[in-house]
Amino acid sequence: MLKIILPTIMLLPTALLSPPKFLWTNTTMYSLLIAALSLQWLIPTYYPYKFLSSWTGVNQISSPLLVLSCWLLPLMSMASQNHLQQEPVSRKRTFISTLILVQPFILLAFSATELALFYIAFEATLIPTLILITRWGNQPERLSAGTYLLFYTLVSSLPLLITLMHLYVKIGTLHLPTLELTHPTLSTSWTGMLAGLALLMAFMVKAPLYGLHLWLPKAHVEAPIAGSMLLAALLLKLGGYGIMRVTLLMGPLSNFLHYPFLTLALWGALMTSSICLRQTDLKSLIAYSSVSHMGLVIAAGMIQTHWSFSGAMILMISHGLTSSMLFCLANTNYERTHSRILLLTRGLQPLLPLMATWWMLANLTNMALPPTTNLMAELTIMVTLFNWSTLTIILTGAATLLTASYTLFMLLITQRGPIPSHITSIQNSTTREHLLMALHIIPMFLLILKPELISGVPL
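Below, the structure is given as structure tokens:
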């Protein structure tokens, strides 16, 4: 574990001391090397924990998420190069070091076996994200977006801290492998219910559950591209991961806790998909689509069967790559037309034909076309929900239909139709952008061949 975390921390002096000419080259290459090194976590094993130390351990559930977070750091720095071109070198260094700072915290949060450490890392990811949004966002509304993000997260996670302390007093340890061997301590009394609610609430806000999701579209729309990729691909997954780890501790949940979350998650998938059909803002559309996908993950996490957990794992990984790629594509449009409004950026296929290919691939994976892992995940989750209660098929089926329709709507309106009259000249797509899209989509295609790497099931 340290052989990834220490190089990641040493990226900071690299970013701060590199000569201005080689700043991007050095940081991107170094982080790509770290990403390549992190692939060793995917080696199959029969042990419940690989690389176990006293604080951290890599689990079947956490290893794909850890590799994903290592993989996204070079991609984030590649995506940010263009909009930081005009900035002075000192600001570039600050931006890159903010991106690098969030990385060890995410790695710790995904691999911590001590719940107190997990809580600290979970909360610490908030600070660099807040700096990214409120300093490098595009519009003055970024301050209100930052306030939303801060207060939603803080209000929901203070009860989590209190409950963790309470559990520590009751059991005497917060070490996850030990807790999994003890009997579920949360009783069916009201205190147990409230403790369960407090444990879940922080992750429900982070993952966003429908109803607690209002910070997400704001934060996404105002964030710079690296902030959007970070939020969509990693910080939402912290919520899903937390739900999967904490529900295992609580034993079978009481129905009072189950039903509201399940109904809200499924209903939210339906509602946010229909909200997507009425969006005028491209980034906001992609943000709402991630709410609907994470709704399925929450629903699967609440059922707590092997199938649902593996479906939730696969969906988290494939959604991380897909939505990150969609944000990158939206950003390439934004950098050329300086507008996120769909009506003002339409008809770009004749102008950027190769970008249209990437758009089509990203949209097809987003709406779960058959060979992709997105489809495998959605089918797995739908089957578990159907097995749990047959009526859920109405909600999940409608959500799938709406997902397909808003994805096609997004593809058609950005790529087809008349070119708006104010677009007279547009710069060509660069090799850097094509490489960025390829590095998103190639792992997706490779995972189709071996999905058990990310399914969270012991091989």
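Residue numbers (this note's numbering): -13 to 445.
Glycine included, every Cβ here is placed at the ideal spot set by N, Cα and C.
- Put simply, the region 215 to 235 does not touch the region 354 to 368. Fewer than three CB pairs are less than 8 Å apart.
- Counted as a single uninterrupted DSSP element, the alpha helix (DSSP H) harbouring residue 390 occupies residues 378 to 401.
- Here residue 33 carries a coil assignment [DSSP, helix/strand/coil].
- Taking a C-beta distance under 8 Å as the contact criterion, residue 203 and residue 143 do not qualify as a contact pair.
- Approximately 15 Å separates the beta-carbon atoms of residue 100 and residue 146; this is outside 8 Å, ruling out the contact.
- Residue ranges of uninterrupted alpha helix (DSSP H) with 4 or more members, entirely inside the region 92 to 161 and ordered along the chain, are 101 to 110, 112 to 122, 128 to 157.
- If you draw a 10 Å sphere on the C-beta of residue 115, you find 16 or more other C-beta atoms in it, and that means buried.
- Cα atoms of residue 345 and residue -11: separation of roughly 37 Å, rounded to the nearest angstrom.
- Residue 276 holds the alpha-carbon nearest to the alpha-carbon of residue 206 among 288, 188, 276, 337.
- Under the DSSP assignment, residue 23 falls in the alpha helix (DSSP H) whose first and last residues are 9 to 23.
- Taking one beta carbon from each stretch, the region 130 to 142 and the region 185 to 199 have 3 or more pairs nearer than 8 Å; the two touch.
- Note that the region 311 to 324 touches the region 419 to 429; at least 3 beta-carbon pairs, one per stretch, sit closer than 8 Å.
- Nearest to residue -13 by C-alpha distance, out of 14, 70, 90, 409, is 90.
- In this structure residue 181 is buried. Its beta-carbon is surrounded by 16 or more other beta-carbon atoms within 10 angstroms.
- The C-beta distance from residue 390 to residue 256 rounds to 13 Å, too long to meet the 8 Å contact threshold.
- A straight-line Cα-Cα distance of about 11 Å links residue 149 and residue 179.
- The three-state secondary structure of residue 327, taken from DSSP, is strand.
- Bounds of the alpha helix (DSSP H) holding residue 55 are 48 to 66.
- DSSP, reduced to helix, strand and coil, places residue 443 outside both helices and strands of the structure shown, so it counts as coil.
- For residue 291, no alpha helix (DSSP H) run applies, since DSSP gives it neither H nor E.
- In summary, residue 199 is buried, with 16 or more beta-carbon neighbours lying within 10 Å of its beta-carbon over all protein chains present.
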